[in-house]
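Read through the structure below, which is laid out as structure tokens, and then see the notes.
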Amino acid sequence: MNTEREFPNWEQLYQEKPVETMPWFNPEIDPDLDRALTKLNLQSGTALDIGTGPGTQAMALALLGFKVTGTDLSAAAVNKAETKAKEKGLDIIWKQDDILNSKLEEKFDFVFDRGCFHVLPPEQRQDYVLVVDRLINPNGYLFLKCFSHKETREAGLYRFTQEEIKEIFSSKFTVCDVQETVYHGTLEQLPLALFCILQK
Ligand SMILES: C[S@@+](CC[C@H](N)C(=O)[O-])C[C@H]1O[C@@H](n2cnc3c(N)ncnc32)[C@H](O)[C@@H]1O
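Using this note's numbering, the final residue of the sequence shown is 203, and nothing's skipped along the way.
Dropping the structure here:
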């Protein structure tokens, strides 16, 4: 699972390509997130979308009534998402922010990470856990979508087993649920993924 992997220059990618062409682009709310919110009866509160990229999930959460902040390492991604959200009349806070060195000072009722954690270098995963823990209110949730170890395509991002998720996060979170699912986007064959509900 830890074979070293290569990632794009995120800023250059968002500067050069329309977000609609990116493999992870999904204009609808992620169905696994939607199910989790319903299951936990979460209907209002503050949400942070980490590595928001095209910002579709931040926008979907705002439409559901959450007070949303969307952040990404790439300023171009954040600028494009902000423009789109303004066109839709959505009130969302957008910030360029590296989650591994986050400058955010507030706490959120939940954090959503759809595809950011699984691009981070393995040696920085514990830094990620500490930062995300700091950003979540007591008893709040981290909803995490990442590639599953069952995904067999050579190229792409880091992959995880349920046991690895437990190992990585259990110092700060209770792992409430891990489901095998897919990563919805523009690829013909959707990558196999895990959807994890973690509680602080
Ligand atoms: C696979 S994309 C997913 C985008 C978005 N979450 C979605 O589902 O459409 C991963 C995103 O993580 C962002 N990213 C990578 N490293 C990051 C970091 N250290 N801090 C914040 N964002 C990061 C990238 O710029 C990219 O937008």
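Even glycine gets a Cβ: it sits at the ideal position worked out from N, Cα and C.
All values reported here derive from a predicted model rather than from experimental measurement.
| query | result |
| --- | --- |
| Could you give the DSSP three-state label for Met-4: helix, strand or coil? | Model confidence at Met-4 stands at a pLDDT of 47, short of 50, so the residue's coordinates are unreliable; what they give is reported in the following sentence. Reduced to three states, the DSSP call for Met-4 is coil. |
| Per DSSP, what kind of secondary structure is His-187 in: helix, strand or coil? | coil |
| Closer than 6 Å: is that where the CB of Arg-117 sits relative to any heavy atom of ligand 1? | yes |
| What's the call for Gln-129, buried or exposed, on a 16-neighbour Cβ count within 10 Å? | exposed |
| Would you call Ser-173 buried or exposed, if buried means 16 or more other Cβ atoms sit within 10 Å of its Cβ? | exposed |
| Going by C-alpha to C-alpha distance, which of Tyr-131, Gln-60 and Asn-44 sits closest to His-121? | Tyr-131 |
| Checking 7 Å against the spacing of the C-beta atoms, do Leu-197 and Val-185 come in under that value? | no |
| If you run the structure through DSSP and keep just helix, strand and coil, what is Leu-138? | helix |
| For a quick check, are the C-beta atoms of Ala-3 and Phe-28 less than 7 Å apart? | Residue numbering for the chain in the displayed model covers 4 to 203; residue 3 lies beyond these limits and cannot be assessed. |
| Which residues in the same chain as Glu-23 place their Cβ atom closer than 6 Å to its Cβ, once the five residues preceding and following it in sequence are excluded? | none |
| Quick check: what's the CA-CA separation for Ile-168 versus Trp-97? | 28 Å |
| Excluding sequence positions up to five away, which residues of its chain have a Cβ less than 7 Å from the Cβ of Val-143? | For the record, residue 143 in the displayed sequence is Gly; it is not Val. Result list for Gly-143: Phe-111, Asp-112, Phe-113 and Lys-203, in chain order. |
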